[in-house]
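Asks:
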Amino acid sequence: MNVSPVSSSYREPLRWRAALLLPLLVLGAALLYSLLATVVAGALFPAQANGSLLQRDGHVLGSALVAQPFAAPGYFQPRPSAAKFDPMAAAGSNQARSNPELQKRIADARASVAARDGVALAQVADDLLTQSGSGMDPDISLAAAQQQVARVAKARELPVATVAALVAAQVQPRQFGVLGQPRVNVLGLNIALDEVGTRDGGAGTRDPGLGTRENQKQ
């Protein structure tokens, strides 16, 4: 069976249709979809759409999604960070468990954290020794938060029971009831801690360095 070639007069409209369709698809996928997603997210989830920012007195102290270090002993400390808490350098150490450097770093960190929190080496929570994949994990385990209660209470001259109750109130459950473990957001906990300290007065008053580079480990 002979098939006659497609005439140039037939191909010409197809070229124009393709030329017109491409910018329409780019416009729809790149612009309209993004605009729609932004509008819907801003309407339904305004806090999350704007970065889950935590504020105090109208000033942004940080994001609930990004870890930041705290130098003052009256604050709860996050997990260590291979990126030194720089979001632009977020990454893990990529060291295997058998790596001698990793083993030494964990051993050194265990001794340092145990001395800082006044606990035995065996009682140090694992997540206070290990880095997350991004190095920016904003949460710690409940065990890691409870381990720091006595130190924070002593530094702020607050009752241990007051700080422990604050930790319990800040616990976030497993996602959907099954994913992950109960956790505590460090920045959220420290902000709540400042609010308790402000109400009680004395050594527990808020540290103006919270959320600023002056209060962060460099």
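Quick note: the sequence shown uses my numbering, first residue 49, plus one each step. Using N, Cα and C, we set each Cβ at its ideal position, and we do this for glycine too. Here the structure is a predicted model, which means the values were calculated and not measured.
1. Around the C-beta of Ser82, are 16 or more other C-beta atoms found within 10 angstroms, so that it is buried, or is it exposed?
2. In three-state terms, what does DSSP make of Gln151?
3. Rank Pro126, Asp105 and Gln116 by C-alpha distance to the C-alpha of Ser189 and give the top, closest one.
4. Which residue wins for smallest C-alpha separation from Gln194, given the options Glu205, Asp175 and Asp185?
5. According to DSSP, simplified to helix, strand and coil, what is Arg231?
6. Roughly how many whole angstroms lie between the Cα atoms of Val244 and Val208?
7. For the beta strand (DSSP E) containing Arg222, list its first residue and its last residue.
8. Quick one: what does DSSP say Gly110 is sitting in, helix, strand or coil?
9. So Ala130 and Gly183 are supposed to be a Cβ contact under 8 Å. How far apart are they, rounded?
10. Label Gln223 either buried or exposed according to how many other C-beta atoms from any shown protein chain fall within 10 Å of its C-beta, with 16 as the threshold for buried.
11. Less than 8 Å between the CB atoms is what I'm expecting for Gln179 and Pro128, so what's the real figure, rounded?
12. Taking all protein chains shown into account, do 16 or more other C-beta atoms lie within 10 angstroms of the C-beta of Gln116, making it buried, or fewer, making it exposed?
Replies: On the basis of the supplied data:
1. When all chains shown are included, Ser82 counts as exposed.
2. Secondary structure at Gln151: helix, using DSSP grouped into helix, strand and coil.
3. Here the closest residue by C-alpha is Pro126.
4. When C-alpha distances from Gln194 are compared across Glu205, Asp175 and Asp185, the shortest belongs to Asp175.
5. Residue state, collapsed to three classes: strand.
6. Answer to the nearest angstrom: the Cα atoms are 13 Å apart.
7. Note, Arg222: premise wrong, no beta strand (DSSP E); not H, not E.
8. In this structure, Gly110 counts as strand in the three-state DSSP scheme.
9. About 4 Å separates the CB atoms of Ala130 and Gly183; that is less than 8 Å, so the two are in contact.
10. It is exposed - the Cβ of Gln223 has fewer than 16 other Cβ atoms within 10 Å.
11. Right, the Cβ-Cβ distance comes to about 5 Å (below 8 Å), so this counts as a contact.
12. Label assigned to Gln116: buried.
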